[in-house]
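Written below as structure tokens is the structure these notes are about.
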Amino acid sequence: MKNCKMVFTIGLVFAVMMLAAACTDSNKSDDSIFDYEKLDVDEYVYPSDFELGDDLRGAITELACCYHDFDETVIDGEDWKNIFLARFIQNSRYSFQYMDEQETKNNGFISQEQVEYIQYSLTGKKLDFSDYMDEKIDVQDTTSGMNFGNITDYEYEIHNGEIVLSADMQLQSDGTNNKKKEKLTVYLIKNPYSCFDGYSIRKLISEDVTENIKADGKEHVFYAADAGVEEDNVFALEFLYAEDNLQYGHFVYVDLSENKKLAEYIRNNSGSDFKVTYILNDTQDDVIERVTPTEIVVHTETTDNTEKHIQDFEKLSAMIGTYHYTSDYGTGRLMIEATEDGIDISDYESEDTYRFLANETNVKNEEENKVYLEYPAQVYEDDTVIFEYYILEKASDGIDVYYSPSSFDEAELLYHAVREN
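The sequence shown maps to residues -21 to -1, 1 to 400 in mature numbering (1 follows the signal peptide of the UniProt record, and there is no 0).
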């Protein structure tokens, strides 16, 4: 009987120890997820009242540019890791303090562990990136999304330990003067070692609150370039600028189905820039993308300005055209175009991302068959500018593009682009 009691007692003690160990494991601090000392990360010291710091503000804005709604289902999706790398790690338009410090220390590279730490900082969920990158990644091999935003105002409440942030954001897309207004609701959880001011984003919901454009029965004028696309007497024109403050889409479709004379006028002047006059008789959505013109004329001032810029930049002007190359995202497109304001140089790695959007003001020098571009990849609030350096060299069938994050002298071949016939 004594032996039975002893066995029972030992078994009970062992069970208690196992239970305690299990409780300890389940309540382990997030301190054990990463080696924060190795990552050069200190625990965040929270102020007495919540403050929306610059790094957290930027992260919320960038996430809202990518997703209308964001939660755990997005993080578990197959596209999240690629989007995270493109928008948060290799983005020429966006950065934050931790990554700036680490890439400076490591000659433009950060490790896989640092990438996983940054993603964990953002979402509060640890993911493995070993199938998506090597041991380190070049954060200066950048692209950029086609849209960008800015939080203009915010307020917050605290519910069950979470910060519930309500923010007003202005969202804009490249190539348009279109500015949308978004109302964001963001759920933030404390993450003491997060590089985004000590918080992770659990959930984000955005609502488009842009006001419709009201009909006023008045004449309005905008200027646009013929895009060479026509269907049933409806022509696509690429928006340039307007004489009013209305919001226009990147392409404005002019409906000439009831005006065959104007339709023929556009065909006879295909490839031109036009001055388009129309009457705003119908309430539009937040962006004007379709009008019925009362008058269309060729805009000759654009031609005069373009000829002047072509004379000023002889080598660059000789490269005007569209070129294609192979990129990590499929087929890339390099476009050098004469516009009213000068010469635009655009490098799109895909339909949705670009490497740079430059113009003749970025040209530092021209010599022989080469054009030297100094491109402002990042501009900080204190007016500090981080430049990248590109050399365009004319080849027999296209252009060789060289790149360096530091100087023209260190530029290496980035790709060969073939001219489109």
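All C-beta atoms, glycine included, are put in the ideal place defined by N, C-alpha and C.
Next on the checklist: Quick check on the burial criterion: 16 or more other C-beta atoms within 10 angstroms. Buried or exposed for R246?
Outcome noted: Exposed.
Checklist entry - With C-beta atoms as the reference, is F75 less than 9 Å away from K115? => result A distance of 9 Å or more separates the beta carbons of F75 and K115.
Checklist entry - Do three or more CB pairs link the segment 245 to 263 to the segment 291 to 298 at distances below 8 Å? => result The segment 291 to 298 and the segment 245 to 263 do not touch, with fewer than three beta-carbon pairs separated by less than 8 Å.
Checklist entry - According to DSSP, is L259 helix, strand or coil? => result It is coil, neither helix nor strand.
Checklist entry - Which residues share a DSSP beta bridge with S306? => result Note: S306 sits in a beta bridge opposite G309.
Checklist entry - CA-CA distance, G56 and E22? => result So the alpha carbons of these two residues sit roughly 30 Å apart.
Next on the checklist: Out of Y304, L392, S329 and Y202, which one is the CA nearest neighbour of V270?
Outcome noted: Of Y304, L392, S329 and Y202, the residue nearest in Cα terms is Y202.
Checklist entry - Using 8 Å as the threshold, is the segment 167 to 176 in touch with the segment 201 to 220, meaning 3 or more CB pairs across them? => result With a cut-off of 8 Å, the segment 201 to 220 and the segment 167 to 176 do not count as touching, because too few Cβ pairs lie within range.
Next on the checklist: Between I97 and M78, how many whole angstroms is the CB-CB distance? I'm expecting something under 8 Å.
Outcome noted: Right, their Cβ atoms sit about 7 Å apart.
Item to check | Helix, strand or coil at G177 [DSSP, three-state] | outcome: In this structure, G177 counts as coil in the three-state DSSP scheme.
Item to check | Range of the contiguous alpha helix (DSSP H) that encloses L101 | outcome: Per DSSP, L101 belongs to the alpha helix (DSSP H) from Q91 to T102.
Item to check | Beta bridge counterpart(s) of E243 as assigned by DSSP | outcome: In the DSSP output, where bridge partners are listed per residue, E243 has none listed.
Checklist entry - Taking C-beta to C-beta, are T122 and Y308 nearer than 9 Å? => result It is a contact, given that the beta carbons lie within the stated cut-off.
Checklist entry - Of all the alpha helix (DSSP H) runs that stay within the bounds of the segment 25 to 111, which reach a length of 4 or more residues? => result Taking 4 residues as the minimum length, the alpha helix (DSSP H) runs contained wholly in the segment 25 to 111 are 33 to 45, 51 to 54, 59 to 63, 76 to 84 and 91 to 102, in order along the chain.
Item to check | Straight-line gap, S386 to Y368 (C-alpha atoms, nearest Å) | outcome: So the two alpha carbons sit approximately 6 Å from each other.
Next on the checklist: For a minimum of 3 consecutive residues, which ranges assigned as the beta strand (DSSP E) are wholly contained in the segment 189 to 258?
Outcome noted: Fully enclosed beta strand (DSSP E) runs of 3 or longer: 198 to 210, 213 to 221, 227 to 234 and 252 to 258.
Next on the checklist: Only counting the same chain, and skipping five residues up and downstream in sequence, which positions put a Cβ closer than 8 Å to that of Y178?
Outcome noted: Contacts found: L35, I142, L167, I168, K169 and N170.
Checklist entry - N338: buried (16+ other C-beta within 10 angstroms of its C-beta) or exposed? => result The residue is buried, with at least 16 neighbouring Cβ atoms inside 10 Å.
Checklist entry - To the nearest angstrom, how far is it from the Cα of A215 to the Cα of N248? => result If you take the alpha carbons of A215 and N248, they lie about 14 Å apart.
Item to check | Contact test: A215 Cβ vs the ligand ZN heavy atom, cutoff 8 Å | outcome: The ligand ZN is not among the ligands present in this structure, which contains no ligands whatsoever.
Item to check | Alpha carbon of G37 to alpha carbon of E30, nearest angstrom | outcome: Approximately 13 Å between the Cα atoms of the pair.
Checklist entry - Given L183, which residues of its chain have a CB within under 8 Å of its CB, disregarding the five upstream and five downstream residues? => result Excluding sequence neighbours, L183 sits near I39, L42, A43, Y46, D48, F49, D50, L163, T164, V165 and Y166.
Checklist entry - According to DSSP, which residues form a beta bridge with Q357? => result Per DSSP, I365.
Item to check | Local conformation of T271 per DSSP, three classes | outcome: The answer is coil: DSSP assigns T271 none of H, G, I, E or B.
Next on the checklist: Just verifying my parser: in three-state terms, what is the DSSP assignment at S123?
Outcome noted: It is a strand residue.
Checklist entry - Hey, how far is the Cα of A1 from the Cα of I12? => result The predicted model places A1 with a pLDDT of 43, which falls under 50 and marks its position as unreliable; any figure quoted below should be read in that light. Answer to the nearest angstrom: the Cα atoms are 17 Å apart.
Checklist entry - Which value, in whole angstroms, describes the spacing of the CA atoms of S27 and K159? => result Approximately 34 Å between the Cα atoms of the pair.
Next on the checklist: Can you look up F335 in the DSSP assignment and give me helix, strand or coil?
Outcome noted: Three-state result, F335: strand.
Item to check | Pair within 9 Å by beta-carbon distance, D252 and L219 | outcome: Yes. Within cutoff.
Next on the checklist: With DSSP as the reference, identify every bridge partner of V165, one or two as the case may be.
Outcome noted: Within the DSSP secondary-structure output, V165 pairs in a beta bridge with L144 and L183.
Next on the checklist: Could you give the first and the last residue of the continuous alpha helix (DSSP H) run that contains E293?
Outcome noted: Boundaries of the alpha helix (DSSP H) harbouring E293: E293 to S296, taken from the DSSP string.
Item to check | For S395: DSSP bridge partner residues | outcome: Strictly speaking, residue 395 in this sequence is His, with Ser absent from that position. According to DSSP, H395 shares a beta bridge with D379.
Next on the checklist: Suppose you measure from the CA of Y135 to the CA of S145; what does that come to, to the nearest Å?
Outcome noted: Rounded to whole angstroms, the gap between the alpha carbons of Y135 and S145 is 6 Å.
Item to check | Beta-carbon gap between G103 and I180 smaller than 9 Å | outcome: Their beta carbons are under 9 Å apart, which means G103 touches I180 by this criterion.
Checklist entry - If you count every other CB in all the chains shown that lies within 10 Å of the CB of Y25, and 16 or more means buried, which is it? => result Y25 should be labelled exposed.
Checklist entry - Whose C-beta lies closer than 7 Å to the C-beta of D33 among residues of the same chain, with five residues either side of it excluded? => result So no residue of the chain qualifies.
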